[in-house]
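J.: Please find one structure pasted underneath; my questions will follow.
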Amino acid sequence: MGLRVFNTMGMRKEEFVPLREGEVRIYACGPTVYDFIHIGNARAFVVADVIRRYLEYKGFRVIFVSNITDIDDKMIRRSQEMGLSLQQLGEIYSDAYFEDISALNIKKPNISPRATQHIPEIIEAIRKLIEKGYAYQVDGDVYFDVTKFEGYGKLSGNKMEALEMGARIEVNPKKRNPADFALWKAQKEGEPGWHSPWGWGRPGWHIECSTMAMKYLGETIDIHMGGKDLIFPHHENEIAQAEALTGKTFARYWLHNEWLTVEGEKMSKSLGNFITVRDALKMYSPQVLRFFLISAHYRSPVDFNKENLRVAKTNFERITNSLERLLSLKERAEKKGDEDALLLEVKEAKKRFEEAMDDDFNTPLAIAAIFDIVKAINTYADRNSEIESSVKNEVYEIMKTLMEGILGIRVEVERKDAGQALLVNSLVELILEIRHEMRRRKDWKMADEIRERLQALGFIIEDTPQGTKWRLRRE
RNA sequence: GCCGGGGUGGCCGAGUGGCUAGGCGGCGGGCUGCAGACCCGCUGACAUGGGUUCAAAUCCCGUCCCCGGCUCCA
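Here the first sequence is numbered in our numbering, starting from -10 and rising by one per residue.
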C-alpha cells in the first residue's frame, strides 16, 4: 500500500519514497522561544506529530528533528522588554514549549537543536557560501545573492522579476538585489553577538535551519515541513543556502499546513484573538483539542470557535462511550453472538483508515473510518451483553492503536477500581443499590432526584436493560 | 501588480467523471417509568452562466464572492 503526499515543490501528490529504505528523516520548523506557543503553532506541531506517528506505524524508522530558534529580532526585542538575557528568555519559553507539546501528547523530537548552540557551524556555512561566490559581505553584514542561485523561487513559484517589483517599502541599499537576504547581521548597539570573520554579529533568519537540518539529517532530507507561511521566504531561502552549498536536493518532500483561524480571522496580538495552548487547555481537554485540530485535512483551513470545539467534544465522547460499552461487556470463552461480524467490520474499517492516511494523511476520512468502528461496537453491544475475550481485546487494541498510536488522542478508559477511587466506587454503588430499590418500588421522584444530584457531582448515570451504569464525566 | 488556494445540505467536513463519506443538528421510530446512551429511518448539497460527455460536485471557458503569499508569522 503506497503512501502519497502532496509536495509543495511541484504542487502535486507524489508517491512517497524515502531516500534510504525503511528510514524517514524529517525536519519540522519549530518555535521561536520568545513567548508561549499558540494554537496555530499547535496545529503545525500536531500535524507533524500525526505524520510522524503514521510513518512509524507503517514501519519506518523515523528521525524527527525540530529546531528551537533562540536568536532573532523578536527574541532580542522581547529580552530587552523583559529585562532578561537572551539565554534566560530562551530557557523560560523553551521549557514552556516542551511542557505544552507534552500536554498535547506530541512526541518529543529526537533532536531539538538550538540556533545559538550552532554558531560555529553557521559561520562555517556562511564562509563557504562566500567562497563559492553565492554570498557577499558588506559592512559586517553578509547577504545571499539570489541571482547566483539558479532556481530561486522554485518552491514558492515566485518569479525573480515579480519579487523585485514587490511592494517593499524600503530596499536595503547594501543589497545587490532587493530579494537578497541576510546570512549574517552585524551587531548593533545593545544587541548580543558572536565573533565571526566579518566582525561581531549574529546569524540571519534562515541559515540556522539549513545548517542544523544538514548537520543532523544529512545533505538530503526526506521531509521538510512547517506552516504555509514559511514557504516564502523561509523555506525558499533554506533551499537556496543548502543547495548552493551541496549541489544536492535539500529536501525531497515539502509539506505545509494551512492556517488555523479564530472566529474566522487570522490570529494576531493586535486583534486580541491570540490564544496560547495554555489558555486553550484551560477550556478544553488535550484530547478534544487534538481531535479538533485534525478534524479538517491539514491543507485546509480550520476555525477555532465554540461550535467547532463543541462538536469535537461531542464526537470524541461518542468514541469513548463506545469503548466503555465494549469494555463493560462480560467476557466469555466462546463466540456465540455477532463476534465474527463485528471483527470483520472493524478490520475493514481499519483498512479504510489506513487508505485514508495513505492518501496524503487524510485525517477527516480516517476519522470517518473510526466512526464505522464505533457504530459496529454499539450495534454489537445493543444485541449482546457478552463477548468472546480475544475479540474484545482485538477490537479494543485496534481502536487504541488508531486513536492513540496514530492520531495521538488518548482514549484510555479510566479504571474505576484504581487506587483511592475504590472508596468512591463503593459509595456510588451503595447509593445506586438504594436507588434501585426505590425504582423497584416505583418511587420515581426520589430515584430521579438521586440521579440528578449525582449528575451534579459529575457522575453520569444511565439506566439500561442490563442495569444501571455509571461513570465519571470526563473533561 | 504578480503568484496561489477555495466556494459542498442548517453547521462542520471528505470526495477530481458514473457506485451520491462521516459527524453535529432537526424530524420520525425503537429501547426506556422518565432522562441519558445507543440503534433504525427520514431530511438535506455541490457559488453562478455556458460548454465537453452516454454520464460532471468532479473536466474546459466566463462571471461573482472569500482567503492567503509577495514583509515577522506555524
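Note that CB positions come from ideal geometry on N, CA and C, so glycine has one too.
1. Given a threshold of 16 other Cβ atoms within 10 Å of its Cβ, counted over all protein chains shown, does phenylalanine 350 qualify as buried or as exposed?
2. What residue range is occupied by the uninterrupted alpha helix (DSSP H) comprising glycine 29?
3. Are the CB atoms of valine 251 and isoleucine 264 within a distance shorter than 8 angstroms?
4. With DSSP collapsed to three states, give me the class of leucine 70.
5. Based on the DSSP output, what are the partners of methionine 214 in its beta bridges?
6. So what does alanine 85 bridge to, in DSSP terms?
7. What do you get for alanine 330, buried or exposed, if any count of 16 or more other CB atoms within 10 angstroms of its CB means buried?
8. If you run the structure through DSSP and keep just helix, strand and coil, what is isoleucine 264?
9. Does the Cβ-Cβ distance between alanine 231 and serine 199 come in under 8 angstroms?
10. Is the Cβ-Cβ distance between valine 22 and threonine 58 less than 8 angstroms?
11. Let me know if glycine -1 comes out buried or exposed under the rule of 16 or more other beta-carbons within 10 Å of its beta-carbon.
12. Take phenylalanine 281 as the anchor and find which of Val51, Asn304, Leu354 has the nearest alpha-carbon.
13. Check proline 192 in the structure and name its three-state DSSP category.
14. Return yes when the Cβ of leucine 93 is within less than 8 angstroms of the Cβ of valine 35, no when it is not.
15. What whole-angstrom Cβ distance do valine 400 and methionine 392 have, given they're in contact under 8 angstroms?
16. By a C-beta neighbour count over all protein chains shown, 10 Å radius and 16 as the cutoff for buried, is leucine 144 buried or exposed?
17. Are there 16 or more other CB atoms within 10 angstroms of the CB of alanine 156, so buried, or fewer, so exposed?
18. If you reduce the DSSP assignment to three classes, tell me which class glutamine 126 lands in.
19. Could you pull out every unbroken alpha helix (DSSP H) segment of at least 4 residues lying fully inside the stretch 370 to 451, listed in chain order?
20. Three-state secondary structure (DSSP) at alanine 171?
21. Do lysine 324 and valine 380 have their beta-carbon atoms positioned less than 8 angstroms apart in this structure?
22. Any contact between the stretch 201 to 208 and the stretch 129 to 143? By contact I mean 3 or more CB pairs, one from each, below 8 angstroms.
23. Kindly indicate which three-state DSSP category leucine 249 falls into: helix, strand or coil?
24. What is the rounded straight-line gap between the Cα of glutamate 70 and the Cα of glutamine 76?
25. Alpha helix (DSSP H) containing phenylalanine -5: first to last residue?
26. Would you kindly work out how many angstroms separate the C-alpha atoms of aspartate 95 and alanine 301, rounded to a whole number?
27. Suppose you measure from the CA of leucine 419 to the CA of leucine 316; what does that come to, to the nearest Å?
28. Return the first residue and the last residue of the beta strand (DSSP E) that glutamate 320 is part of.
29. Using alpha carbons as the reference points, say which of Glu178, Tyr125, Trp189 lies closest to asparagine 166.
30. List, from N- to C-terminal side, the alpha helix (DSSP H) runs of 4 residues or more that fit wholly inside the stretch 314 to 351.
31. Leaving aside the five residues before and after leucine 298 along the sequence, list all residues of the same chain whose C-beta is less than 7 angstroms from its C-beta, in chain order.
32. Please tell me whether, using a cut-off of 7 angstroms, the distance from the CB of leucine 144 to the nearest non-hydrogen atom of the ligand ADP is below it.
33. Less than 7 angstroms between C-beta atoms, sequence neighbours within five positions excluded: which residues of the same chain meet that for lysine 237?
34. Terminal residues of the continuous alpha helix (DSSP H) containing arginine 1?
35. If we count Cβ pairs, one from each stretch, closer than 8 angstroms, do we get three or more for the stretch 39 to 53 versus the stretch 7 to 21?
36. Keeping to the same chain, check which residues put their C-beta closer than 8 angstroms to that of isoleucine 387; ignore five residues upstream and five downstream.
T.: Let me lay it out:
1. Counted from its first residue, the first sequence places residue 350 at position 361. Its Cβ being crowded by 16 or more others within 10 Å, phenylalanine 350 is buried.
2. Here residue 29 corresponds to residue number 40 of the first sequence, with the count starting at 1. Annotation for glycine 29: the continuous alpha helix (DSSP H) segment containing it runs 28 to 46.
3. To locate residue 264, count along the first sequence from 1; it is residue 275. To locate residue 251, count along the first sequence from 1; it is residue 262. Yes. Within cutoff.
4. Reading the first sequence from its first residue, position 81 is the one you call residue 70. First, the amino acid is wrong: residue 70 is glutamate here, not leucine. DSSP places glutamate 70 in helix when its eight states are reduced to three.
5. One-based indexing of the first sequence puts residue 214 at position 225. Secondary-structure assignment with DSSP links methionine 214 through a beta bridge to Ala17, Leu244.
6. In the first sequence, counting from the first residue as 1, residue 85 sits at position 96. For alanine 85, which the question treats as bridged, DSSP gives no partner whatsoever.
7. If you number the first sequence from 1, residue 330 lands on position 341. Alanine 330 is exposed by the Cβ-count criterion.
8. The residue you call residue 264 lines up with position 275 of the first sequence. When secondary structure is reduced to three states using DSSP, isoleucine 264 falls in the coil class, being assigned neither helix nor strand.
9. Here the question's residue 231 lines up with position 242 in the first sequence. Here the question's residue 199 lines up with position 210 in the first sequence. Between alanine 231 and serine 199, the gap from beta carbon to beta carbon is short of 8 angstroms.
10. Here residue 22 is taken as the residue at index 33 of the first sequence, counted from 1. Here residue 58 is taken as the residue at index 69 of the first sequence, counted from 1. For the 8 angstroms CB-CB criterion, valine 22 and threonine 58 form a contact.
11. Taking the first residue of the first sequence as position 1, residue -1 is located at position 10. Burial call: exposed.
12. Numbered from 1 along the first sequence, position 292 holds the residue referred to as residue 281. Comparing Cα positions, the closest option is Asn304.
13. Along the first sequence, read from residue 1 onward, the residue named residue 192 stands at position 203. Assigned with DSSP and collapsed to three states, proline 192 falls in strand.
14. If you number the first sequence from 1, residue 35 lands on position 46. If you number the first sequence from 1, residue 93 lands on position 104. Yes, Cβ-Cβ distance for valine 35 and leucine 93 is below 8 angstroms.
15. The residue given as residue 400 occupies position 411 in the first sequence. The residue given as residue 392 occupies position 403 in the first sequence. Their Cβ separation, rounded to whole angstroms, is 5 angstroms, which keeps valine 400 and methionine 392 in contact under 8 angstroms.
16. Your numbering for residue 144 matches position 155 in the first sequence. That one is buried.
17. The count along the first sequence starts at 1 and reaches residue 156 at position 167. Legend: pLDDT at alanine 156 = 47, less than 50; position of this residue unreliable, value from coordinates given subsequently. Counting Cβ neighbours within 10 Å, alanine 156 comes out exposed, since fewer than 16 surround it.
18. Locating residue 126 in the first sequence gives position 137, where the first residue counts as 1. Of the three classes helix, strand and coil, the one that applies to glutamine 126 here is strand, per DSSP.
19. Every alpha helix (DSSP H) of 4 residues or more that sits fully in the stretch 370 to 451 is shown, in chain order, as 378 to 389, 410 to 429, 433 to 445.
20. Counting from 1 along the first sequence, the entry for residue 171 is found at position 182. Three-state DSSP puts alanine 171 in a strand.
21. Taking the first residue of the first sequence as position 1, residue 380 is located at position 391. Taking the first residue of the first sequence as position 1, residue 324 is located at position 335. Yes; because the gap between Cβ atoms is below 8 angstroms, this pair is in contact.
22. The stretch 201 to 208, when compared against the stretch 129 to 143, does not touch it at the 8 angstroms Cβ threshold.
23. Along the first sequence, one-based indexing puts residue 249 at 260. DSSP places leucine 249 in strand when its eight states are reduced to three.
24. For the purposes of this step, residue 70 is taken as the residue at position 81 of the first sequence. For the purposes of this step, residue 76 is taken as the residue at position 87 of the first sequence. Those two C-alpha atoms are separated by around 14 angstroms.
25. The residue given as residue -5 occupies position 6 in the first sequence. Note, phenylalanine -5: premise wrong, no alpha helix (DSSP H); beta strand (DSSP E) at -7 to -4.
26. Translated into positions along the first sequence, residue 95 becomes position 106. Translated into positions along the first sequence, residue 301 becomes position 312. Per the sequence shown, residue 95 should be read as isoleucine rather than aspartate. Cα to Cα, isoleucine 95 sits roughly 19 angstroms from alanine 301.
27. Walking along the first sequence from the start, residue 419 turns up at place 430. Walking along the first sequence from the start, residue 316 turns up at place 327. Rounded to whole angstroms, leucine 419 to leucine 316 spans 22 angstroms at the Cα level.
28. Stepping through the first sequence from its first residue, residue 320 is reached at position 331. Taken as a continuous stretch (DSSP letters only), the beta strand (DSSP E) holding glutamate 320 covers 319 to 321.
29. By 1-based counting over the first sequence, the position of residue 166 is 177. Per the Cα distances, Tyr125.
30. Runs of the alpha helix (DSSP H) inside the stretch 314 to 351: 328 to 347.
31. The count along the first sequence starts at 1 and reaches residue 298 at position 309. Same-chain partners within the cutoff: Tyr273, Val277, Phe281.
32. In the structure on display, the ligand ADP does not appear, and there are no ligands present to speak of.
33. Start at 1 with the first residue of the first sequence, and residue 237 comes out as number 248. Taken in chain order, the residues that qualify are Glu208, Thr209.
34. Position 12 of the first sequence holds residue 1. First-last for arginine 1: 1 to 4, but that is the beta strand (DSSP E), not the alpha helix (DSSP H).
35. Yes, they touch.
36. Stepping through the first sequence from its first residue, residue 387 is reached at position 398. Here the set comprises Val335, Lys336, Lys339, Ile362.
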